[in-house]
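>
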Amino acid sequence: MQIEQGDIDKFKRLGIYSATELAIIAPARFEDRRLRPRLRDGAEQAVDATVEAIHRTPKTVTVSLYVHNFGHHIEGVLFHPKPYMLRAFTVGERGLFYGRINCSHGKCQMIHPQSIPSAGTLTPRYKTPLRTDVMQRLVQRYVTEANLLEEGLPPGIVKTLLGIHFPDDAPPKEWTPARLYALKYAELYAYMRSLKGKRRYFRALRTLDGEWRGWAIGLPFRLTDEQVAAIEAIERDFKKTYAAKRMIVGDVGAGKTMVILAAMLMARPHRSILMAPTTILANQLYEEARKYLKEMNILLVTNSTPKKTDLSGADVLIGTHALLHRDLPEAALVMVDEQHRFGTAQRHRLEKLISEGSRHPHYLQFSATPIPRTQAMIDSAHIDVSLITQTPFEKDITTRVVRKPDFPELLRHIRAEIAQHHQVLIVYPLVEESEALEYQSIEEARSFWEKRFENVYVTHGKDKEKEAILEAFREKGDILLATTVVEVGISLPRLTTVVIVGAERLGLATLHQLRGRVSRNGLKGWCYLYTNREKSERLDAFVRTDNGFDIAALDLKFRKSGDLLTGSIQSGKKFMWADMAEDEAIVAEVKKAL
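For the sequence shown, the numbering used here begins at 167 and goes up steadily by one.
(1) Hey, Gly419 and Gly682: beta-carbon distance below 9 Å or not?
(2) Return the residue from the list Ala194, Phe404 and Ile169 that minimises the CA-CA distance to Tyr183.
(3) Kindly indicate the opening and closing residues of the beta strand (DSSP E) around Ile267.
(4) Alpha carbon to alpha carbon, how far is Arg402 from Arg525? Give it in angstroms, no decimals.
(5) If you check the beta carbons only, do Thr625 and Glu631 fall under 9 Å apart?
(6) What would DSSP say about Trp615, mapped onto helix, strand or coil?
(7) Helix, strand or coil: which one does DSSP assign to Ile549?
(8) Taking the alpha carbon of Asp198 as the point to measure from, which residue in Ala189, Val213, Tyr355 and Gly329 has its own alpha carbon closest?
(9) Using only the alpha-carbon positions, how far apart do Ile439 and Ile554 sit?
(10) What did DSSP end up calling Ile169 once you bin it into helix, strand or coil?
(11) Where Glu755 and Ala192 are concerned, what is the direct C-alpha to C-alpha distance, given to the nearest angstrom?
(12) Could you give the residue range of the alpha helix (DSSP H) that holds Pro343?
(13) Kindly give me the distance between the Cβ atoms of Val667 and Val684, rounded to whole angstroms, as I take these residues to be in contact under 8 Å.
(14) Quick check: the stretch 351 to 363 against the stretch 741 to 751, are there 3 or more CB pairs under 8 Å?
(15) Please name the residue, chosen from Met430, Asp550 and Lys178, that lies closest to Glu377 on a Cα-to-Cα basis.
(16) Note the first and the last residue of the continuous beta strand (DSSP E) segment covering Lys273.
(17) Compute the Euclidean distance between the alpha carbons of Glu560 and Asp335, then round it to the nearest angstrom.
(18) Excluding the five sequence neighbours on either side, which residues of its own chain have a C-beta within less than 8 Å of the C-beta of Arg412, listed in chain order?
(19) Flag this pair as yes or no: are the beta carbons of Ser284 and Leu304 separated by less than 9 Å?
(20) Can you tell me whether Thr564 is buried or exposed, with buried defined as 16 or more other CB within 10 angstroms of its CB?
(21) Using a 10 Å radius around the Cβ and a threshold of 16 neighbouring Cβ atoms, would you call Arg206 buried or exposed?
(22) CB-CB under 8 Å to Ile752, same chain, minus the five flanking residues each way: which ones, in chain order?
(23) Does the Cβ of Ile277 have 16 or more other Cβ atoms within 10 Å, making it buried, or fewer, making it exposed?
(24) Start and end of the beta strand (DSSP E) containing Trp692?
(25) Note down, in chain order, each residue of its chain lying with its Cβ closer than 8 Å to the Cβ of Arg437, except the 5 sequence neighbours on either side.
(26) Under the rule that 16 or more other beta-carbon atoms within 10 Å means buried, what is His331, buried or exposed?
(27) According to DSSP, Met742 sits in a beta bridge with which residue or residues?
(28) Using the DSSP secondary-structure output, state which residues sit across from Glu197 in a beta bridge.
(29) Ordered along the chain, which non-local residues of its own chain (more than five positions away) have a Cβ less than 8 Å from that of Arg369?
(30) How is Ala370 classed by DSSP in three states: helix, strand or coil?
(31) How far does the alpha helix (DSSP H) with Asp214 in it extend, from its first residue to its last?
(32) Please check the pair Val233 and Ile220, which I expect to be a contact at CB under 8 Å, by giving their CB distance rounded to whole angstroms.
(33) Considering only DSSP beta bridges, list what Ser438 is partnered with.
(34) Near Gly691, what residues of its chain come up, given a Cβ to Cβ distance below 6 Å and the 5 sequence neighbours on each side ignored?
(35) May I ask you to list the residues that DSSP assigns as paired with Val567?
(36) Are Leu385 and Ala433 close, meaning C-beta to C-beta below 9 Å?
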């Protein structure tokens, strides 16, 4: 569709770029401007009338009109009229007018009659930044069968959309399922089509075909079907001539590290680089790589790694953002773990550091924050997506909502776990006291725990020593008091209990990440959600659900109902019609069509 030069700014003001996007801006209401032979009291109507007289007072102008389609007189009343309004009325002239007519004591009045250029139509009214007449002309010019079909919408959807803007007879009084479906489909289609258009394909620095199956057979455990499916998808990506761009999303504890290691094997004999958001996580990945990839030369790069260290001899470089400040040797594969913890600029910078002109390394990003399946399908329009929903072993975690009367029992449980050499994490909403919050902060609560227990460690997001404290706690601690700093990544093998204070204040995805810290090695785990609220439907739903992808869908559902502060999906896109929690089937159809 070609947008005329004079209309480009209008499309920009609406924030749209296609006929499909224009078509989903449905009319807020319709004006029935068809001339009717009978007056309808209390209704908006069009009239064909001659101006017979005009009477002025300081505050009003009354226009006497003879209505030809009714065959009798009415009054037009304008309050505090602007000069341009009066130009529509000249004694003795005949014109078309529109407004609401009210009758009382044998006299009928049209309040603020509006001069209209034509009658005989159902005229849509839109709520947009544009003037109504400008918006109407845009819709008439661009929302056409030819334009919508050219953009790829199915004929049935096109017919329904045209019926929304240009109804044949009666204006639509309600959104029928067919109309709602067409608006949702068109909205998702336009968005996913634009994402698809933004995907750029670069020639790969190398095609990769290293062998991984023998290694997988030799592991002391069996990879899950979904781990294997993700690895095989990456294998197919690596054999193509253009650079892979794939996001692997795993549930908490789904074993995405094994997928990372398999990718490193497939990259051989070429180099791989893996960037992680924290030193602790980089260390953990380094130790796992050394444990399972014994034949490969693996190097850890953090802020404490000397600048003079030669990186060129390593098969695999694993590091933090410190990698961005080094002269990196050529690598055929770049991976980013917990990708949402890095800014877009940081992720792209790592990729560009080892690109050669238009040739790029294969690029994989990993996340342990599950997203709704609908979101994954939408994202797949511009990046390949693999989901790992299974965990290698069934976690035995009991989740409970607890309140003040349950506190003595909770204390007994904590003592029992520590007696078994297990660890306990207590997550507080704040570091310091706040009058705005009904829960204790870490600083208020720490003396209680330090008086009653030994080996209590404390850390939070602003703590510069947090990584050292977490390391010390892993080795020697019994209780860790923290904020959500421990949400992602850190492995604490002896941790069996997490207590989340003010649990109703956190998103379900964050609660799931915190719950995922316990029972990492098959130990029995407990997750206590401490709240002062008498009831919380959201927390009750969380207790019943342990799959991260189902929880992501629940999070969407409750966000939509206003339980969280924002209704936008993770990409930041807000939909007018589509419902991310309910419209998975429509998203699947759009994906198939694209």
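For every residue, glycine included, the Cβ atom is placed at its ideal position computed from N, Cα and C.
The short version:
(1) On the sequence shown, residue 419 is found 253 positions in, with the first residue counted as 1. On the sequence shown, residue 682 is found 516 positions in, with the first residue counted as 1. Taking 9 Å as the Cβ cut-off, Gly419 and Gly682 qualify as a contacting pair.
(2) By one-based count along the sequence shown, residue 183 stands at place 17. Distances from the alpha-carbon of Tyr183 to those of Ala194, Phe404 and Ile169 put Ile169 closest.
(3) Here residue 267 refers to the residue found at position 101 when the sequence shown is read from its first residue. Residues Arg260 to Ser270.
(4) Mapped onto the sequence shown, residue 525 falls at position 359. Mapped onto the sequence shown, residue 402 falls at position 236. Their backbone Cα atoms lie some 18 Å apart in a straight line.
(5) Within the sequence shown, the letter at position 459 stands for residue 625. Within the sequence shown, the letter at position 465 stands for residue 631. A contact, by the Cβ cut-off of 9 Å.
(6) Position 449 of the sequence shown, counting from 1, holds the residue named residue 615. Trp615 falls in the helix class under three-state DSSP.
(7) Position 383 of the sequence shown, counting from 1, holds the residue named residue 549. Collapsing the DSSP output to three states places Ile549 in coil.
(8) Counting from 1 along the sequence shown, the entry for residue 198 is found at position 32. With distances taken between Cα atoms, Asp198 lies closest to Val213.
(9) Position 273 of the sequence shown, counting from 1, holds the residue named residue 439. Position 388 of the sequence shown, counting from 1, holds the residue named residue 554. Ile439 and Ile554: Cα-Cα distance of roughly 22 Å.
(10) Within the sequence shown, the letter at position 3 stands for residue 169. Taken through DSSP and simplified to helix, strand or coil, Ile169 comes out as coil.
(11) Start at 1 with the first residue of the sequence shown, and residue 755 comes out as number 589. Start at 1 with the first residue of the sequence shown, and residue 192 comes out as number 26. The straight-line gap from Cα to Cα measures roughly 22 Å.
(12) Counted from its first residue, the sequence shown places residue 343 at position 177. Its alpha helix (DSSP H) spans residues Pro343 to Lys364.
(13) Numbered from 1 along the sequence shown, position 501 holds the residue referred to as residue 667. Numbered from 1 along the sequence shown, position 518 holds the residue referred to as residue 684. 16 Å between Cβ atoms; not a contact.
(14) yes
(15) As a first step, residue 377 is located in the sequence shown; it is residue number 211 there, counting from the start. Among Met430, Asp550 and Lys178, the Cα nearest to that of Glu377 is on Met430.
(16) To locate residue 273, count along the sequence shown from 1; it is residue 107. Lys273 to Ser281 is the span of the beta strand (DSSP E), which, as asked, contains Lys273.
(17) Counting from one through the sequence shown, the residue named residue 560 turns up at place 394. Counting from one through the sequence shown, the residue named residue 335 turns up at place 169. One C-alpha to the other measures close to 60 Å.
(18) Stepping through the sequence shown from its first residue, residue 412 is reached at position 246. Excluding residues within five positions, the ones whose Cβ falls inside 8 Å are Ala399, Ile400, Asp403, Tyr529, Leu530, Gln531, Ile549, Asp550, Val551 and Ser552.
(19) Start at 1 with the first residue of the sequence shown, and residue 284 comes out as number 118. Start at 1 with the first residue of the sequence shown, and residue 304 comes out as number 138. Not closer than 9 Å, so no.
(20) The sequence position of residue 564 within the sequence shown is 398, counting from 1. Result: exposed.
(21) The count along the sequence shown starts at 1 and reaches residue 206 at position 40. Label assigned to Arg206: exposed.
(22) Taking the first residue of the sequence shown as position 1, residue 752 is located at position 586. Tyr347, Lys350, Tyr351, Leu354 and Ala744, listed in sequence order.
(23) Within the sequence shown, the letter at position 111 stands for residue 277. It counts as exposed.
(24) Translated into positions along the sequence shown, residue 692 becomes position 526. Unbroken beta strand (DSSP E) run through Trp692: Gly691 to Tyr696.
(25) In the sequence shown, counting from the first residue as 1, residue 437 sits at position 271. These residues qualify, in order along the chain: Ala480, Asp481, Val482, Leu483, Pro495, Glu496, Ala497, Ala498 and Leu499.
(26) Taking the sequence shown and counting its residues from 1, the one referred to as residue 331 is at position 165. By the neighbour-count definition (other C-beta atoms within 10 Å, threshold 16), His331 is a buried residue.
(27) One-based indexing of the sequence shown puts residue 742 at position 576. According to DSSP, Met742 bridges with nothing at all.
(28) If you number the sequence shown from 1, residue 197 lands on position 31. Bridge partners of Glu197: Thr289.
(29) If you number the sequence shown from 1, residue 369 lands on position 203. Taken in chain order, the residues that qualify are Thr407, Tyr408, Ala409, Ser524, Arg525 and His526.
(30) Translated into the one-based positions of the sequence shown, residue 370 becomes position 204. Reduced to three states, the DSSP call for Ala370 is strand.
(31) The sequence position of residue 214 within the sequence shown is 48, counting from 1. Taken as a continuous stretch (DSSP letters only), Asp214 belongs to no alpha helix (DSSP H), being part of the beta strand (DSSP E) at Glu210 to Arg222.
(32) In the sequence shown, residue 233 corresponds to position 67, counting from 1. In the sequence shown, residue 220 corresponds to position 54, counting from 1. That pair is no contact at about 16 Å.
(33) The residue you call residue 438 lines up with position 272 of the sequence shown. Answer by DSSP bridge pairing, in chain order: Val482 and Leu499.
(34) The residue given as residue 691 occupies position 525 in the sequence shown. Setting aside the 5 residues that flank it on each side, Gly691 is surrounded in the same chain by Ile563, Thr662, Val684 and Ser685, each with a C-beta closer than 6 Å to its C-beta; the list follows chain order.
(35) Taking the sequence shown and counting its residues from 1, the one referred to as residue 567 is at position 401. Leu695.
(36) Residue 385 sits at position 219 when you count from the first residue of the sequence shown. Residue 433 sits at position 267 when you count from the first residue of the sequence shown. For Leu385 and Ala433, no; Cβs fall outside 9 Å.
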